[in-house]
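Note sheet for the following structure.
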Amino acid sequence: MPRIAAPLVLTLLCLRAPAAEAPPAKAEVPPVATETLVLFAEGVQLKLQEKYADAIEKFTQVLARDKDSAEAHFEMGFCYYRLGKSQEAAAALKRAIELNPQNGPAHETLAFVYNALGARDKALDELEAAARAAERPRNHEGLVQRIAWIYERQGDYKNAIKWYQYLLECGYRERKSYLALGILQLKSKLYEDALASFREVIRRTSSEEPAVDDVAAAYGQLTEAERAQALRRYEATAVNSDDPATLEALALAYQAAGRTDEMLRTLERAAGLASARTETQKEFLAEHFEEAGDLPRAIEWRLKILASRKSPPAEGFLRLAALYAKHEEMEKAADAFRKALAAEPRRRDLLTRVADCYSELYQWDRAASVLEEFLKDRELGPADAEAVFDLAQVYEQAGKSDLGKERKAQAFGLLAAAIGKSQNKATEAQLHLSLAELYYADKQPDKALGYLLIAQQLDAADPRKLLLLAGGYKRVQNWTEAAATLEKYLEKDNKSFTAAAALYEMSTCLACAGKAEAAEAARERATQLLLDLAEASRNDAARAAVQLQLGEMDLQRNQPKTAIEHLLEALRLDPKQSLAHLHLAQGYQMLGDWSRAAAHTKSYLDAAEGGEARARILYRLGVAQSRSGQPDLGKQNKLKAIQLLTDALATLEREQRGTPTHKAEIYRDLAGLYAGEKDLPKALDAIQRAIQLAPSAKRADYQLVLASLLDDLKRHDESEKVLLEAYKAEPTNPSVLNHLGYFYAERAKSLDRAVDLVKKALHYEPLNGAYLDSLGWAYYQQGKHQEALELLLCALLHEEDAVIRDHLGDAYHKLGKLAEAREAWARALLLDPEIEGVAQKLKDTEPPAPPKAPDKGEKP
């Protein structure tokens, strides 16, 4: 009997009734089949209304008329099941199945009944029967999945696999089903079958997904031996395969095994074949190589991505341009930016990126030409002020100062003309901030401060403006106002990490203003806030970051012991925090514990990336090892560091790439390492090359290195000449002022001028330990030994250094404090065993041995 909903049955009955003309003289008895159908329909209607007892009564009446109605037995069994009458339900459902073995819904409901009775095995049998019945239950796919899941949960992978395969045979070929099947096949060591399943997973993976992480995770669950066995099978299968899905599945297995090189080679093979995932694979490879720092291969794949598209988008060329720039192929980067502009002509701002590429190469005329192209035929407004100012700086670098002045005035004028035109205070504030930025770039911090003040007043509700204003006061050395402005910020925000940073900055400003007690109070507030924030966080990495910050703060204050406590706690909370190792090395070095300094430097290098960036740290490792009783290993690492830099320069030369600024930095670092090895001729050659390549803003700093090397070579007249050139070029550069002042102090020459120069340096950086040492040494040379002592002790509050300790010992010695002098010299020797002259000072001042006691019987 077909299952027909009651309203439909009643409609059919009405259609079968005679037309409503005149009633018949005598009502005729309807056929039995029709009455049975009506009763059945009424029962179904009651069941749908969840009136199960009433429905059972109707189905009972149906069975009284048609005892072999399989549908009536099924519906009655279902109603008994819903009433919780499992025995009655089982009896009715069994009868329904006897009458119609292909009734899947009846098998499924009987399974539920058996489950309620605790007969789990019978329940599973009935579920299987329901799944295979010709008349499928409503959610047949879910039913088959449930059976497979039950067997999987029981650990019966064989039957679970069978049912997942049946699921696929039924046409339910979804990605998740192939994935589940593949995982079970892996666990059952059916490696070829698993490969076939995962191949289908990959084919059904969206082309927008860069990686199939769940397949890789499945391989990751295998033991190392199982993965190796699977890979051997797959390699044999895929050796001559041209199926991209098979190759990607193999690549994922390699990834899980940590065999990155094989993973990449296999994925590159897959990406070379046509498939729906080809472009995705290429994107993955390009991004992987970029993240790994393999820029040439990243560029190779970006080029392949662009070549495969008929009309490459601008974004593709921009990604390529960024890679070229990162790889320091600036000509190619400029060309890629041009192509991006061609793909999207409205983005004329890309011309400024082209100009940046030429500026990096010091090709000032070309950079100026491109910027002029960008500005041509534009109605210039405040948004163009930055580009106009950049053009002015380019003209200045090209030696065209008149054009530079003209464009610079135009840049300031564009912003100034826009002020007061908007009713929006935030817009007006932004205009003032932009003017401040230009004045900073033009080395006019006083004027910049004025615009920062107005910007803050226009947008007083934004606390960030207070931070900018405080920075403005610092840049004009108004430490008191800077501290007061930071205090105003803290009235708006006193519970965040930014607030902690503001407190620490405020402590520095107060110290620079000579307010030591207030500075210490602010520093304690900063420390406590950081500790409170760490305590409130449940994230160990965040708490470790706080401890790292506290450690850095203590190192800056020359408090290595407390710094080390914080840094060790940072490592305990986050063992992968490699930067803590570098700071710990510094802390132990400040204590003269070279063994621990070497160990932590090595730990940092073990986690750091390769390349020239390692050179300085590797050299520090060599120094620490040499001073901790490992001279051979130390020498080896110092030479490796030098080789890293020479190799980097050779590579840039061979590949015809690299910016002058970067090359200058490498030569500067190389000069420092050669100087450390006392190879002064090579050091001199390297720094001279660096000066030739250095940008104008860095040239004075590089000249200071040259002057130091000339001093080491006893070429003092040449050293003074270089320092005077640097001073002439940058008379307010504190490093230049200090270096020239110390040069005079060291030679007891022009001491009044030396004092004046170093005091000017301290005006800019009052807490610089090296500058305080220079002033103290100038006073020492003037015979002002007590004043020198006080300054040298102050210098040690901010910097631990062997030279400062040496000078301190000399000051104590002049003041007749021999014990303190010897302690300072010993400390200097601990910090730098190679420091010149200190060992002799200790030897010369060694107290005489106590007189030997007379032998017994000998007259004293």
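Residue 1307 in the numbering used here sits at position 683 of the sequence shown, with consecutive numbering throughout. Positions of the beta carbon are idealized from the N, C-alpha and C atoms, including for glycine.
Status (buried if at least 16 other CB within 10 Å, exposed otherwise) for residue i
| i | result |
| --- | --- |
| Lys691 | exposed |
| Asn763 | exposed |
| Gly1296 | buried |
| Thr1132 | buried |
| Asp1425 | buried |
| Arg1292 | buried |
| Glu907 | buried |
| Pro654 | Annotation note: pLDDT 45 at Pro654 (below 50); position unreliable, coordinate value reported separately. Exposed, by the Cβ-count rule. |
| Leu1442 | exposed |
| Glu1470 | exposed |
| Thr904 | buried |
| Pro642 | Confidence at Pro642 is low in this model, with a pLDDT of 33, below 50, so the placement of that residue should be treated as unreliable; the coordinate-derived value is given next. Exposed: under 16 other Cβ atoms inside 10 Å. |
| Leu672 | exposed |
| Ala916 | exposed |
| Gly766 | exposed |
| Asn727 | buried |
| Ala1372 | exposed |
| Gln1316 | exposed |
| Arg1251 | buried |
Cβ-Cβ separation, residue j to residue i (assumed contact under 8 Å), whole Å
| i | j | result |
| --- | --- | --- |
| Ala1123 | Leu1134 | Not really, about 16 Å apart at Cβ, beyond 8 Å. |
| Leu1333 | Ala1353 | With a Cβ gap of about 19 Å, Leu1333 and Ala1353 do not count as contacting. |
| Val1379 | Ala1402 | 5 Å |
| Ala900 | Met887 | So it is not a contact: roughly 20 Å between Cβ atoms. |
| Tyr1326 | Pro1358 | Wrong, their Cβ atoms sit about 16 Å apart, outside the cutoff. |
| Ala1016 | Arg1031 | 4 Å |
| Val825 | Arg799 | 6 Å |
| Ala720 | Ala743 | Contact doesn't hold; Cβ gap of about 18 Å is too wide. |
| Ala964 | Ala945 | 7 Å |
| Glu1052 | Leu1082 | 5 Å |
| Ser1227 | His1207 | Contact doesn't hold; Cβ gap of about 12 Å is too wide. |
| Ala1011 | Thr976 | 6 Å |
| Lys1438 | His1409 | 4 Å |
Nearest to residue i (by Cα), restricted to the options the options
| i | options | result |
| --- | --- | --- |
| Pro1319 | Glu1176, Ile774, Val1018 | Val1018 |
| Lys1089 | Gln1260, Val1100, Ala804, Leu1073 | Leu1073 |
| Leu805 | Asp1336, Ile785, Glu984, Leu819 | Ile785 |
| Asp608 | Gly1023, Ala966, Asp959 | Nothing in the structure corresponds to residue 608, since the chain is present only between 625 and 1484. |
| Leu1421 | Tyr1395, Leu1442, Lys1441, Gln1405 | Tyr1395 |
| Leu1215 | Gln1316, Glu1423, Gly779, Leu1375 | Glu1423 |
| Gln1366 | Tyr1404, Ala1353, Leu1391 | In the sequence on display, residue 1366 carries Tyr and not Gln. Out of Tyr1404, Ala1353, Leu1391, Tyr1404 has the C-alpha closest to the C-alpha of Tyr1366. |
| Gly1044 | Gln1021, Glu1061, Ala1085, Ala1079 | Ala1079 |
| Ala818 | Ser801, Glu832, Glu833 | Ser801 |
| Arg689 | Phe913, Glu659, Asp1230, Asp678 | Glu659 |
| Leu1038 | Ala1053, Ala1009, Gln1021, Ser1058 | Ala1009 |
| Ser932 | Arg921, Leu942, Leu897, Ala958 | Leu897 |
| Ala1310 | Gly742, Asp1014, Leu1269, Arg926 | Leu1269 |
| Leu1337 | Asn1357, Leu1328, Gln1316, Leu1304 | Leu1304 |
| Leu1155 | Asn1163, Arg943, Gln1171, Leu1179 | Gln1171 |
| Leu741 | Ile929, Glu848, Ala713 | Ala713 |
| Ala1272 | Glu952, Cys1136, Ala1221 | Glu952 |
| Tyr878 | Ala854, Ala1166, Ala869, Asp866 | Ala854 |
| Val978 | Glu833, Glu955, Leu1127 | Glu955 |
| Leu1294 | Thr1275, Arg1278, Ile1266 | Ile1266 |
| Pro1069 | Ser1046, Gly1095, Gln1054, Ala1050 | Gly1095 |
| Ala1209 | Lys1185, Asp1198, Arg1196 | Lys1185 |
| Ala1169 | His1190, Asn1182, Gln1152, Gln845 | His1190 |
| Leu1057 | Ala1085, Leu1092, Pro1087, Gln1047 | Leu1092 |
Beta-bridge partners of residue i, as assigned by DSSP
| i | result |
| --- | --- |
| Asn1261 | Answer is none; Asn1261 lacks a bridge partner. |
| Asn727 | Glu759 |
Any non-hydrogen atom of the ligand SAM within 6 Å of residue i CB
| i | result |
| --- | --- |
| Glu911 | For the ligand SAM, the structure offers nothing, since it holds no ligand at all. |
7 Å Cβ cutoff, residue i in contact with chain C
| i | result |
| --- | --- |
| Gln1201 | Absent here is chain C; the protein component of the structure consists of one chain. |
Check your understanding: Unbroken alpha helix (DSSP H) runs of length 4 or more, entirely within the region 1201–1236: which are they?
Key -> For the region 1201–1236, the full-length alpha helix (DSSP H) segments reaching 4 residues or more read 1202–1214, 1218–1231 along the chain.
Review point. Residue ranges of each alpha helix (DSSP H) run of no fewer than 4 residues wholly in the region 795–882, ordered along the chain?
Key: Runs of the alpha helix (DSSP H) inside the region 795–882: 799–811, 815–827, 837–844, 848–862, 868–880.
**Study point:** Segments of 3+ residues assigned as beta strand (DSSP E) that fall wholly inside the region 1052–1132
**Key:** Qualifying beta strand (DSSP E) stretches: none in this window.
Review point. At which residue ranges does the region 1292–1345 contain complete alpha helix (DSSP H) runs of 4 or more residues, listed in the order of the chain?
Key: 1304–1317, 1320–1336, all fully within the region 1292–1345.
Practice item. Pick out the complete alpha helix (DSSP H) segments inside the region 879–953, 4 residues or longer, and give them in chain order. Key: Correct list: 884–895, 902–915, 919–931, 938–950.
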